[in-house]
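Below is one structure, written out as structure tokens; comments come after it.
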Amino acid sequence: PTPGISLEALDQRQHPAWQRLKFDELLAQQISMRFHHQARLTQSAPVLQCTQAQRNRLLERLPFRLTGAQHRALEQIESDLARPYPMHRLLQGDVGSGKTVVAALACLHAISAGFQAALMAPTEILAEQHFRKIEHLLQPLGITTVWMTGSLRKKDKADAQQRIASGAAQLVIGTHALIQSAVSFHALGLVVIDEQHRFGVAQRLALRKKAGSAGRSSEPHQLMMSATPIPRTLSMSYFADLDLSVIDELPAGRQPIITKLVNDARREEVIARVRETCLQGGQAYWVCPLIEESESLQLQTAVETFAAISRIFPELRSGLIHGRLAPADKTDLMARFSQGELQLLVATTVIEVGVDVPNASVMVIEHAERMGLAQLHQLRGRVGRGSRQGLCILMYHPPLSALARTRLKVIYEHTDGFEIARHDLMLRGPGEFLGARQSGTPLLRFADPEQDGPLLQEAIRLAGIWTETDPAAARRHLQRWLWSRQEYLTA
65 PTPGISLEAL DQRQHPAWQR LKFDELLAQQ ISMRFHHQAR LTQSAPVLQC
115 TQAQRNRLLE RLPFRLTGAQ HRALEQIESD LARPYPMHRL LQGDVGSGKT
165 VVAALACLHA ISAGFQAALM APTEILAEQH FRKIEHLLQP LGITTVWMTG
215 SLRKKDKADA QQRIASGAAQ LVIGTHALIQ SAVSFHALGL VVIDEQHRFG
265 VAQRLALRKK AGSAGRSSEP HQLMMSATPI PRTLSMSYFA DLDLSVIDEL
315 PAGRQPIITK LVNDARREEV IARVRETCLQ GGQAYWVCPL IEESESLQLQ
365 TAVETFAAIS RIFPELRSGL IHGRLAPADK TDLMARFSQG ELQLLVATTV
415 IEVGVDVPNA SVMVIEHAER MGLAQLHQLR GRVGRGSRQG LCILMYHPPL
465 SALARTRLKV IYEHTDGFEI ARHDLMLRGP GEFLGARQSG TPLLRFADPE
515 QDGPLLQEAI RLAGIWTETD PAAARRHLQR WLWSRQEYLT A
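Take a look at the structure:
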């Protein structure tokens, strides 16, 4: 900028010099995505052709019919799997939209074609939920599913590794233990990564490269799933190299979840509602943000709450689950809650994703003002998954900050995950929204796709022209801006 320029124009980032910086950065990002997409088309992947007999047998066994959106997503995935280059598809869907069933059908497609499939989830609770649900679906079809996690006993882990390496394990479900060097696949054809934003970039790349561990030159197909819907502007920028499938329908018969904001001074009313629900045959969650007392954040703790709950509800069968429990204890508690042995589960946010107990209809969240929008939306989605009307009670402790007030207003007024995600993006910015901090690589330093929409549109247009007409100049621009970060940007 020339001397004497308005400081306000510079501060607001509206000066032409700022616009040029932001545009050049967006252009480099889009060029990277274009080149990555082109490179993917030159790589080889197994062509997974299979008959529809197994698929139809599984569909007949389901106690429900797939929604139109699920059918559409499955057709897109199966079309990709039949191509000779790697699928990189993102399956988006709101909480409870039925992504797991689509993933199971995709795995069945790969297995029916003679290859192995692997599903990696970020937590043991979520991985085990997937294992139980998918094994129940596929075992009657003669599919062998193996469980792989870091907490397995040495003998069980060695046995699982041997079955994976020999190909006896057709489907492997687990945590990041799947990417350990000791795990070698016989013929990995499909990788499914659930809650992909919860994994570091290097972890996602490591699993993608596992197909080569048996001396194969091809890459596996990759399906990523996210229950945190991604706003359109981010899909156009950070996910431009991915193919996108969206499940935008909820299963038939689902009732909308009722959300209530309650000052914790009205705790007695909440206690009465939970007692009534459980005594009438329902189940409830009571979620607290911390395990131990923190002097700086005077929050109700799960341990204290459980002790209080046990005194308040002596007639109810209660359990306590949190991240520091031994994996076997977590598994046992969740199994008892799923089977109805426990009526009330006191928990930390360890139950945020994947937990599916259709009979649970009430969710109480302590100190909701301390939690993010995506977390609140995920927790709310744990109830209302069966025939009972779901109720989510957000208890808050006044006074509320302006940000907390805004977040609670959004979650109270909206149930559509895509709309909540849009507000979340505006409140947090793209870096935090996408979990960019995990990778250690800042995604964009100057531009903001939400605020700089017109610049992004022009960058997309020009990147398409430049990579076709002058790829050498496009690569020079890319190297000037991104250096060695391209692989991480597209992981």
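In terms of my numbering, the sequence shown has 296 at position 232, counting the first letter as 1, and numbering is strictly consecutive. Where is the CB? At the ideal position from N, CA and C, for every residue including glycine.
- Alpha carbon to alpha carbon, what distance is there between T297 and T66? 33 Å
- Among G157, R121 and P148, the one whose alpha carbon lies nearest that of R136: G157
- Tell me whether R444 is buried or exposed, calling it buried when 16 or more other Cβ atoms sit within 10 Å of its Cβ. buried
- Query: Going by Cα to Cα distance, which pick from F401, R339, A109 and E405 is closest to R375?
  - Reply: R339
- DSSP three-state call for D312: helix, strand or coil? coil
- Query: Using DSSP with H/G/I as helix, E/B as strand and the rest coil, what is A538?
  - Reply: helix
- Cβ atoms of A233 and Q180: under 9 Å apart, would you say? yes
- Touching or not, the segment 369 to 386 and the segment 444 to 464, by the rule of three or more beta carbon pairs under 8 Å? no
- Query: What residue range is occupied by the uninterrupted beta strand (DSSP E) comprising R153?
  - Reply: H152 to G157
- Among A170, P513 and D534, nearest to N120 - alpha-carbon criterion: A170
- Message: Using CA atoms only, rank isn't needed, just tell me which of H152, R509 and E483 is closest to P494.
- Response: R509
- Check whether A167 and L155 have beta carbons under 9 Å apart: yes
- Message: I need the DSSP call for V367, collapsed to helix, strand or coil.
- Response: helix
- Under three-state DSSP, which class holds V247? coil
- With distances taken Cα to Cα, identify the nearest neighbour of I207 among I189, L172, A390 and M289. L172
- Message: Please identify the residue among I95, T533 and A73 whose C-alpha is closest to the C-alpha of A304.
- Response: I95
- Query: Exposed or buried, which one is R446 when buried takes at least 16 other CB atoms within 10 Å?
  - Reply: buried
- Task: Decide if Q439 is buried, meaning its Cβ has at least 16 other Cβ atoms within 10 Å, or exposed.
- Result: buried
- Item | Cβ-based neighbour list, W82, same chain, cut-off 6 Å, excluding 5 preceding and 5 following | none
- Status (buried if at least 16 other CB within 10 Å, exposed otherwise) for D258: buried
- Under the three-state DSSP convention, the category T292 falls into: coil
- Over what stretch of residues does the beta strand (DSSP E) that includes Y349 continue unbroken? Q347 to V351
- Task: Less than 8 Å between the CB atoms is what I'm expecting for T531 and A523, so what's the real figure, rounded?
- Result: Contact doesn't hold; Cβ gap of about 12 Å is too wide.
- What's the C-alpha gap between E313 and D75? 43 Å
- Select from L105, L130 and S176 the residue whose C-alpha is nearest the C-alpha of R147. L105
- Item | DSSP beta-bridge partners of M427 | Y349 and C456
- How is the beta strand (DSSP E) around Q180 delimited, first residue to last? Q180 to M184
- Message: Would you call the segment 222 to 229 in contact with the segment 243 to 254, where contact means no fewer than 3 C-beta pairs closer than 8 Å?
- Response: yes
- Look at I335 and G162 and say whether their C-beta atoms are less than 9 Å apart. no
- Item | Presumed contact (8 Å Cβ cut-off) between V351 and T413, rounded CB distance | 7 Å
- Task: Quick one: give me the first and last residue of the alpha helix (DSSP H) that L491 is part of.
- Result: G481 to R492
- Task: Have a look at E142 and I429 and give me their C-alpha separation to the nearest angstrom.
- Result: 40 Å
- Item | For M212, the residue or residues it bridges with in DSSP | G238
- Counting along the chain, where does the beta strand (DSSP E) carrying G253 start and finish? L252 to D258
- Message: I'd like the span of the alpha helix (DSSP H) that includes G528, first residue to last.
- Response: G517 to T533
- Measuring CB to CB, does V159 end up less than 9 Å from L130? no
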